[in-house]
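Residue numbers (this note's numbering): 49 to 273.
A short worksheet on the structure shown next.
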Amino acid sequence: MRDFLIKICPIAIWCIVVGEIVIAALLFGLSARKHSKIARWAGILTLGLILDAAIIGLGSLLTPEALQTVSPVRFIAHGLLIPLLFPIMGYSLNFKKFLMFIVWSFTLALMALGVLQALKTPLVPETIANVTRMKAGEGTPEWADAISRVLSFGTVIPMMIVGVIVWIKEKTPHLFLAGFLMFAFSALGPATGNTDLIFFISMFGEILMVLFLYLYARAKAKRRA
């Protein structure tokens, strides 16, 4: 499995970029047609995933100086946009204005912490599977590591829980699958002894997550119509 992943990594990253561009277009199209807030924020989240994957894909083509310059952008985008999963959950549960105010207040605070941890994380280059990228290096503050873990697992686990509630209420598993597949692919690297490839393996979870967010937003918009 490892040899196969290493072999396909560079081209697969660009296939994922193209797939996420298509999904982003579908999400923004649905948002425009049906005024779907879930589709709108999921579309913006997808733009961050596109940026992240594209910078990683370009890493081997950039000079070390250029890579050092652009790489912080993907860490900042990750910290800024991943928290949008919380408002998406709130809209999925049909929260009223007061509850959404609380959700958005929490989200904005987490966004600020996400950007701050990105700025305080020292980056070092790593080349694996013919891909050169910047990753968090030694000297990363413990609190920044903690925020990074919250952004990674503290978002998808609540989404799975909310997904189960939505599945029971609305008879659709799409939101649960969005969270579950993201969680599963994030855990797959360490579980198979390929922790160094988690940046690549988790991309499959990301594209499946936004695909199922689109399917959920579409189904919810149809029920509203």
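Quick reminder that beta carbons are idealized off the backbone N, C-alpha and C, glycines included.
Only a predicted model underlies this, so the values are computations on that prediction, with no experimental measurement involved.
What does the alpha-carbon distance come out to for the pair GLN165 and ILE195? 7 Å
Taking the C-alpha atoms as reference points, what is the distance between ILE69 and LYS270? 23 Å
Grab me the residues of PRO206's own chain with a C-beta within less than 7 Å of its C-beta, minus the 5 sequence neighbours each way, in chain order. MET137
Pick helix, strand or coil for PRO173, following the three-state DSSP scheme. strand
THR188, DSSP secondary structure in three states: coil
Checking 7 Å against the spacing of the C-beta atoms, do LEU95 and ALA87 come in under that value? no
Could you tell me whether the Cβ of ILE255 comes closer than 7 Å to any Cβ of chain D? Of the protein chains in the structure, only one exists, and it is not chain D.
Tell me the rounded alpha-carbon separation between ILE213 and LYS85. 19 Å
Option in VAL151, PHE154, ALA102, VAL210 with minimal Cα separation from SER140: VAL210
In whole angstroms, what is the alpha-carbon distance linking TYR264 and HIS222? 5 Å
May I have the straight-line CA-CA distance separating TRP152 from LEU133, to the nearest angstrom? 11 Å
Between GLU254 and LEU106, is the Cβ-Cβ spacing less than 7 Å? no
Using 8 Å for Cβ pairs, my map puts ILE124 next to VAL163. What's the rounded Cβ distance? 6 Å
Verify whether the separation of the beta carbon atoms of VAL66 and ALA101 is less than 7 Å. no
Name the two residues that bound the continuous alpha helix (DSSP H) containing ILE130. Looking at the DSSP string, ILE130 is not in any alpha helix (DSSP H), and its letter there is neither H nor E.
Given 8 Å as the limit, is there contact between the segment 243–250 and the segment 169–180, that is, 3 or more CB pairs closer than that? yes
Three-state secondary structure (DSSP) of THR180: strand
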